[in-house]
Amino acid sequence: MNRLELTGLSVRPAQVWGGVRLVPLVREEPVEGLRLHREVYEGFGAGLVEAGPRTHYTSYIPHGFVADWSGGGAQSAAYGTQLDDGGPPRTVRLPRHRHHRMAKRQPGDRLRFLPLHLALEGYLSLHFGGPSVAWEEWSRQALREGLSPRAEDAFLGWSVRGLGDALRVFEIHPGQCGVMVYVSDALAGAFVVPHPADYRLLHATLMEDLYGELVHQYAMYGAPVAEFAARIRGGAHLRTLGDLRAAAVAQERAWAEAHDSLFARELLDSSYGFERVYRMGSFTLWRFLPSFVRDGSGQHIGETITDHRGRVAYLKTFRLSDAQIRRGHLLHTLSDAQWSLSSAAVALGTSEQELARRVRAAGFAALLKGHV
Amino acid sequence: MPTADAVPGTGADAGTGADAGTGAGTGTEAGLVAAEDVLLFVNAAITATGQREFRSEAHQQQLSLDFLHEYVRVNYRRVYAASLALDINDHNAALIVRGLLENASEASAEERRTEGRLIAARLATLPPQRVYRLFGALRRAKVNNRRTRAIMRDWLAARPDLAHDAVKYRAGLKTAARHIHLRRPGGEGTPDEVGAFLFRPGRLPRYRHGLLDAWRRAHYEQGAVHELPFTVAEGFAARHGMEREAFLGRMVPRMTRLERLRTQGQRSTGAVPRLPPDVDLTVMPLTRLALYVLSLGFDVRAAHRAELTGALRAAARRAAGPDAGSWGRVAAVLDDSYSSSGSGQKRRRPLAVALACHFLLEALAAPGAYRPLWTSGGTDPLLVRPWGPTPLGLCVLDALEPGPGGVPDRLIIVSDGWDNAPPGLAGEVLRVWRARLDPGRRTAALHMNPVYDADGFDVRRLAPSVPTAGIRDAEDLPALVEIAQFAEGRTGPAELYRYLDRRVARFVDGGTRRDHDEEAVAR
């Protein structure tokens, strides 16, 4: 699997508020056998995760998602109504500051994972180990510790201007299971859940999600975007109400097609490297990374849950900024060249000095020895 | 923007007081612009209350409204005053009165006389708490000319019982009396107990007026609390630490109808939801009743379906009056999308207006010739809730389908003007339909909008070919239909001004007293 399949999800007309365009995704039928719940953590999102032995991941974590594939979730979606067996509400019961692992199995057929953090961790640990061959250009530290530590910046939904208002005035469609968020008509993220009731509850969590710096800048400096208002042309041949209705329905269809080919193209047409994180019944939790091709289009990292047929039941994406794509590209090239500076320079069509400069400019100065 | 030259009714054109400007500019382009400005202002004055709406904040609303008031007051002063005679809301009526009094020097003597009569007539219909607040604002703005004092004095003199006001609106009455140097608010009789009550409290050992004396005794005697108006008694009850439920039970006879409805939840005990037995729902104004119905849970609404529907139908029949059954075949598109939930300050107002319009249109239409279409696709008006998107375009198409008796005679759309699935489709459908399918205007289409759009200084429109009118209370619908025809552009500004004149004349002479159900009920 190397592509995202959004079959079963159809697009409804976008709702625009200022510079934010929200495109609802509607499912004809909810995905059977999987529900998502939200888990709220104390401490205003300051989270520490034990990612492995003596490895920690520190980030803003406002909440976690609990995927429930026990099948018992079909009759209820409400957060806090499941497996509570009369105890106190889950918000109080799980004030966990240290999370053990990004994705952690919980009692019953449930899996807790931290939204978007899987994807980010995947990006951060890209070629984490550093050079496997001791070329003389690589510093002692690079050979011993690899890329550690690495940090990336992201912006909270609250600080993306206009997003809060847009989400507040957004009118949720019946059967809606997802949304695509565009800021200044750049795809900022996609969010898909298995069931409409889950979406209703998780709609507001989009405010607490992470967004790339590009999104923040676009929201800050971008102008309001235009609404794609319906236009019925060629009125001359419309003689009956039936004609008019056909023309109106055609408008809706035209929008859906335009959206898939025009807006969501960069998300749907790219190929991704998928990595399986967890398998639960017929569902699989993946994280994916883009190919880091530097062709100027937007690239997204993310995580997804697919069913046995490869249909997306859950999806959350994060748009990388240009600098982040550059870093990924650089690391990929170096890794492909077995971390040899000279062959990487050949692959990039540049000189070794230039490549060393780029490595430093990308913030990986600690990798290189001083004399390079 | 028209210049002052185009302002109707200025200069030598000094007609009667009711002449709201049949003067210069009518019929010309400037006259058309002026007429548009007037309609814009009327729409705003009906819908805007300076409170938060679903899509704009309170401060945006206030800024927008302030600008509009100033613009119309400076450019069309006569129209500005004349709009007091229309069904504008109380908030704007108070703003207009204040604007007129604060800027009295801009008006001629003749205009001032007309304004004085309009203001007096309007103040008589405003709820007293609003008038006292207005008087307070005038005092803060240091407006204290002879005319203002006369208007305030006359209004106070017309109050049925100043002692009641002194207890219930103590600060307001005191400020007003002090502002106009009214030494003896209670009249010329001796001794002036109200004056003593307001300005020399604690001086008289007892009052002969029952209410004033009850207020005095309520400070130390719990029994006297129940003789006071509800809002005043609430404070004393809290002070005495009286039990809320028992207190409310005993206060019922002294409550206004709205207070009874408001406290219903606290008074009724037990899990079984029930309607207040002490309020006759059938005599409530239609929109108020719709708001009340929407405030109830689904189970209560379902359990009392017959009762509530009956009350809504009765109120609608009363509001329809002699027009009942005279509108022929009516199709209505009613917006119950998520945005009709309004805001925290105007909770469910747009939805309540739609619900009230539903029952009113049912009464206005010929029997059995009414077809409602809710945007959510629901068919049970009693169980509406604000949810989902606004696919207005397809709803309009459904409404235009010929019914059993043929095409509808009237199409009424009640919506906040936002149409998002897909956006703009309703406007396109209406445009093409008007241009291609119904150029002869067999069906009269009208868009009623309960939400003021702060950015546009008007209510949002769906299509230029369909007139849009602001609406606050569904009861005003028949009157608004009259105004809306001016917006269609087929009648000129001259008719609009004549219409305004008629309304002013009727208002100043007869006084179309609206049903403000505060106050009077309790006493």
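Quick note, the sequences are listed as chains A and B, same order. Using our numbering, you'd call the opening residue of the first sequence number 1 and step up by one each time. Using our numbering, you'd call the opening residue of the second sequence number 1001 and step up by one each time. From the three backbone atoms N, C-alpha and C, an ideal C-beta is built for every residue, glycine too.
{"query": "Contacting positions in the region 1409 to 1426 of chain B - beta carbon closer than 7 Å to chain A", "result": "Asn-1420, Ala-1421, Pro-1422, Pro-1423, Gly-1424 and Leu-1425"}
{"query": "Chain A contact for Ser-1337 of chain B (CB, 8 Å cutoff)", "result": "yes"}
{"query": "Residues of the region 239 to 260 of chain A with Cβ closer than 7 Å to any Cβ of chain B, in chain order", "result": "Leu-241, Leu-244, Arg-245, Ala-248, Gln-251, Glu-252 and Trp-255"}
{"query": "Lys-104 of chain A, enclosing alpha helix (DSSP H) - first and last residue", "result": "First-last for Lys-104 of chain A: 103 to 106, but that is the beta strand (DSSP E), not the alpha helix (DSSP H)."}
{"query": "When A:Val-346, A:Ser-340, A:Leu-367 and A:Thr-350 are compared against Val-133 of chain A, the one with the closest alpha-carbon", "result": "A:Ser-340"}
{"query": "Inter-stretch contact at 8 Å, needing at least 3 Cβ pairs: the region 1153 to 1171 of chain B / the region 1122 to 1135 of chain B", "result": "yes"}
{"query": "Neighbourhood of Arg-362 of chain A by C-beta distance below 7 Å, restricted to the same chain and skipping five residues each side", "result": "Looking at the sequence shown, residue 362 of chain A is not Arg but Ala. So the list reads Arg-326, Arg-327 and Leu-330, once near-sequence residues are dropped."}
{"query": "Proximity to Leu-1397 of chain B [Cα-Cα], best of B:Gly-1321, B:Val-1508, B:Arg-1431 and B:Gly-1325", "result": "B:Arg-1431"}
{"query": "Gly-1403 of chain B - DSSP class collapsed to helix/strand/coil", "result": "strand"}
{"query": "Minimum length 4: unbroken alpha helix (DSSP H) runs contained in the region 128 to 201 of chain A", "result": "140 to 145 and 163 to 169"}
{"query": "Neighbour flag for Phe-1054 of chain B against chain A, beta carbons, 8 Å", "result": "yes"}
{"query": "Rounded Cβ spacing between Ala-366 of chain A and Gln-141 of chain A (contact assumed at less than 8 Å)", "result": "6 Å"}
{"query": "Bridge partner(s) assigned by DSSP for Pro-1372 of chain B", "result": "B:Ala-1332"}
{"query": "Element boundaries [beta strand (DSSP E), containing Thr-304 of chain A]", "result": "300 to 306"}
{"query": "Proximity winner among B:Leu-1138, B:Leu-1123 and B:Gln-1051, relative to Ala-1158 of chain B (alpha-carbon distances)", "result": "B:Leu-1123"}
{"query": "Pairwise C-alpha distance: Ser-321 of chain A and Pro-1478 of chain B", "result": "58 Å"}
{"query": "Three-state secondary structure (DSSP) of Ile-1412 of chain B", "result": "strand"}
{"query": "Phe-170 of chain A beta carbon near the ligand PLP (any heavy atom closer than 7 Å)", "result": "The ligand PLP is absent from the structure shown, which contains no ligand whatsoever."}
{"query": "Cβ of Val-169 of chain A within 8 Å of any chain B Cβ", "result": "yes"}
{"query": "Euclidean distance between Cα positions of Gln-1051 of chain B and Ala-1058 of chain B", "result": "5 Å"}
{"query": "Which of helix, strand or coil DSSP assigns to Met-1242 of chain B", "result": "coil"}
{"query": "Nonlocal neighbours in the same chain, by C-beta distance under 7 Å from Thr-378 of chain A, ignoring five residues either side", "result": "Outside the shown range of chain A, which is 1 to 372, sits residue 378 of chain A, and nothing can be said about it."}
{"query": "Contacts around Ala-258 of chain A, its chain only, beta-carbon distance under 8 Å, and the 5 residues preceding and following it disregarded", "result": "Phe-228"}
{"query": "Whether Leu-1351 of chain B touches Gly-1417 of chain B by CB criterion (8 Å)", "result": "no"}
{"query": "Partners in chain B for Glu-227 of chain A, counting only beta-carbon separations shorter than 8 Å", "result": "Pro-1423 and Gly-1424"}
{"query": "Run of the alpha helix (DSSP H) containing Lys-1168 of chain B, from where it starts to where it stops", "result": "1162 to 1168"}
{"query": "Arg-1349 of chain B and Pro-1408 of chain B closer than 8 Å at C-beta", "result": "no"}
{"query": "Host alpha helix (DSSP H) of Met-220 of chain A (start-end)", "result": "213 to 221"}
{"query": "Proximity below 8 Å, CB of Leu-1198 of chain B to CB of Ala-1177 of chain B", "result": "yes"}
{"query": "Validate contact between the region 1437 to 1454 of chain B and the region 1366 to 1374 of chain B using beta carbons, cut 8 Å, 3 pairs", "result": "no"}
{"query": "Contacts of Pro-174 of chain A in chain B (Cβ-Cβ under 9 Å)", "result": "Ser-1376, Gly-1377, Trp-1387, Gly-1388 and Pro-1389"}
{"query": "Paired residues, beta bridge with Ala-1469 of chain B - DSSP", "result": "B:Met-1448"}
{"query": "Separation of Arg-1254 of chain B from Ala-1237 of chain B, as counted between CA atoms", "result": "14 Å"}
{"query": "Separation of Ala-1332 of chain B from His-1358 of chain B, as counted between CA atoms", "result": "8 Å"}
{"query": "Cα-Cα separation, Pro-174 of chain A to Ala-1034 of chain B", "result": "44 Å"}
{"query": "Reference Phe-65 of chain A; option with closest CA among A:Arg-144, A:Glu-145 and A:Tyr-199", "result": "A:Tyr-199"}
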